[in-house]
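The sequence shown stops at residue 838 when you use my numbering, and every number in between is there. For glycine and all other residues, C-beta sits at the position ideal for the given N, C-alpha and C. I have placed the structure first, in the form of structure tokens, so that the comments after it can refer back to it.
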Amino acid sequence: MTIASVLLDDITTSPSPYHAVARVSELLTQSDFVRVSLFNSLPAAEGRYFVAEGGTLVAWIQSDQAPTSFSLVGAHTDSPNLRVRAAAEVASAGWAQVGMEIYGGVLLNSWLDRDLGLAGRVSVQAGDGTVEQRLLLDDRPLLRIPQLAIHLDRSIREKGLKLDPQSHMTPLWATGADEPGAVNEFVAEAVGAKPSEILSWDLMPFDVQAPAIVGRDADLIASARIDNLVSAFCGAHALVTVADALDLSTGDVPVLALYDHEEIGSESATGAAGAFLSALLERISAATGADRADHLQALASSFVVSADGAHATHPNYVDKHEPNHHIEVNAGVVVKRNANQRYATDAASEGRFRSLCAASGVPIQTYIHRNDLPCGSTIGPITAGQLAASTVDVGVPQLAMHSIREMCGTADVDHLVTALRAVWSGGTST
Ligand code: ZN
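Below, the structure written as structure tokens:
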């Protein structure tokens with residue numbers, strides 16, 4: 409099985425950040441990583457460990473000595489989408505609809521006329537008085553947002569499609585109006601609870617169409633959530649396949665950090681802009697007996713690779729791209745540079761990453777945004793700011809970023825896995 413085909417399964421089973429964390433947890437556990445609780449002291453013994461909280465997961469491999477540096481690969485588990493509102497029942501013109509909030513920078517048009525399932529997590533009041541989190545995944549085509557017929561809006565030809573996020577993005581799921589509480593009842597049944605036991609939810613629709621290998625040469629991937637589950641799962645597969653070959657006696661600690669909430673700015677309890685990772689790294693050091701000065705010294709020697717989707721040059725919109733920095737699909741990992749530090753890459757971090765990739769035979773392309781368009785950003789600059797560690801922003805080139813169905817290349821998946829293995833092994837095991 410190629411990495412690309414494994415990746416399609418990974419993405420299919422991960423329609424929400426919580427499911428992505430569950431899937432990565434499964435992959436790690438199969439490779440002898442042990443889940444540890446954030447609520448207990450961290451282990452001092454040599455081993456492979458991970459913590460998971462909501463849509464965020466951090467895995468690491470430690471020896472029994474104090475860390476001298478961390479080699480960190482970061483990515484995010486969330487994707488722009490719609491989120492089910494609290495009072496979700498909407499009744500209009502004889503239809504039962506489900507009200508939504510918009511999460512992140514969604515290409516709204518791409519959600520029209522798709523068959524949508526429902527996934528996420530639900531807080532349930534357990535019998536013993538505790539609150540339990542249950543995952544919900546219903547991959548039946550439950551919801552749809554039909555586009556308005558062209559006969560009812562002729563202006564679309566001249567003006568293009570204009571969608572109002574408040575009124576035009578409400579999926580329907582049945583004829584006849586729902587009573588208040590109908591969505592709650594549906595959710596309760598889906599997670600095996602009574603309606604009165606449902607306390608809260610983080611639920612989101614997703615495209616039930618499975619990812620596919622497409623194109624004349626069968627070397628392209630069409631899928632939801634390529635941004636950024638491709639990076640997240642490339643990171644996970646790189647870590648589990650390189651783990652046996654690592655030399656832990658150097659004191660370097662390999663870390664995989666998969667965050668939630670990148671698409672809305674990373675400012676949350678589990679996002680990259682919060683204290684989650686820096687606190688965890690400090691606890692990892694402390695567990696081995698290192699003091700704070702030792703830990704800060706290890707951070708200063710650390711290297712962060714932030715992996716997130718990169719823009720391939722779109723053949724129909726070539727003028728939207730910097731003409732001297734075109735990016736091709738299946739032509740290598742993209743290093744993202746921005747003079748204004750929207751990407752954290754600098755000469756030092758790029759130099760280190762390029763050298764690792766050259767030693768591993770991974771081709772590199774360089775992305776630079778046009779000066780006349782505002783540049784996006786990612787967890788790279790945020791993590792660099794939190795840890796004060798040398799950071800490079802990289803990614804797999806893709807088209808249709810933030811569409812419900814994005815596109816990238818199968819060879820670039822291999823390129824990224826090889827590059828990330830090299831980040832942890834120093835290029836010696838590839
Ligand atoms: Zn992203």
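- The Cβ atoms of A718 and V831 do not sit closer than 8 angstroms to each other.
- Remark: the shortest separation between the CB of H669 and any heavy atom of the ligand ZN does not fall under 7 angstroms.
- The secondary-structure analysis by DSSP pairs L465 across a beta bridge with A460 and L666.
- Exposed is the label assigned to L704, since fewer than 16 other Cβ atoms lie within 10 Å of its Cβ.
- Cα atoms of T649 and R829: separation of roughly 8 angstroms, rounded to the nearest angstrom.
- Placement of the Cβ of N489 at a distance of 7 angstroms or more from every heavy atom of the ligand ZN is found.
- With fewer than 16 other CB atoms across the displayed protein chains lying within 10 angstroms of its CB, Q574 is exposed.
- A distance below 8 angstroms separates the beta carbons of L415 and F641.
- By the Cβ-count criterion, L607 is exposed, with fewer than 16 other Cβ atoms from all chains shown falling within 10 Å of its own Cβ.
- Taking the Cβ of N636 as the reference point, at least one heavy atom of the ligand ZN falls within a distance shorter than 7 angstroms.
- By the Cβ-count criterion, F458 is buried, with 16 or more other Cβ atoms from all chains shown falling within 10 Å of its own Cβ.
- A distance criterion of 7 angstroms places the beta-carbon of T786 in contact range of the ligand ZN, judged by its closest non-hydrogen atom.
- The closest heavy atom of the ligand ZN lies 7 angstroms or more from the beta carbon of H777.
- Here I558 is exposed: its Cβ has fewer than 16 other Cβ atoms, across all protein chains shown, within 10 Å.
- For L795, the closest of L544, I553, A706 and D536 by C-alpha to C-alpha distance is A706.
- Proximity of the beta carbon of G568 to the ligand ZN is not indicated: no heavy atom of the ligand is located closer than 7 angstroms.
- Assigned with DSSP and collapsed to three states, D754 falls in coil, not helix or strand.
- Going by DSSP, F441 is part of no beta strand (DSSP E) at all; its letter is neither H nor E.
- Distances between the C-beta of H719 and the heavy atoms of the ligand ZN are all 7 angstroms or more.
- In this structure, the CA atom of L446 is about 12 angstroms from the CA atom of L685.
- Taken through DSSP and simplified to helix, strand or coil, F447 comes out as coil.
- Looking at the DSSP output, N489 bridges to Y511.
- Not a single heavy atom of the ligand ZN lies less than 7 angstroms from the C-beta of D801.
- Taking a contact as a CB-CB distance under 8 angstroms, the pair V743 and I735 does not count as one, their CB atoms being some 10 angstroms apart.
- For D716, the Cβ falls inside the 7 angstroms cut-off from some heavy atom of the ligand ZN.
- Taking non-hydrogen atoms of the ligand ZN into account, the C-beta of H559 is found less than 7 angstroms away from none of them.
- The beta carbon of L688 is closer than 6 angstroms to those of V466 in its chain, skipping five residues each way along the sequence.
- Taken atom to atom, the span from the alpha-carbon of Y775 to that of R750 is near 12 angstroms.
- Leaving aside the five residues that flank H777 on each side, the residues in its chain whose CB is nearer than 7 angstroms to its CB run, in chain order, E730, N746 and C783.
- For K744, the enclosing beta strand (DSSP E) has its first and last residue at V741 to R745.
- In the DSSP assignment, G482 falls within the beta strand (DSSP E) that extends over S477 to H484.
- For H734, the shortest separation between its Cβ and any heavy atom of the ligand ZN does not lie below 7 angstroms.
- A Cβ-Cβ distance of about 11 angstroms is found for the pair M577 and L524, leaving them out of contact under the 8 angstroms criterion.
- The beta carbons of V622 and C816 sit about 11 angstroms from each other, so the pair does not count as a contact at 8 angstroms.
- Cβ-Cβ distances below 6 angstroms link A792 to A752 and T799 in the same chain, with the five nearest sequence neighbours on each side left out; the list follows chain order.
- In the DSSP assignment, C642 falls within the unbroken alpha helix (DSSP H) covering I634 to V650.
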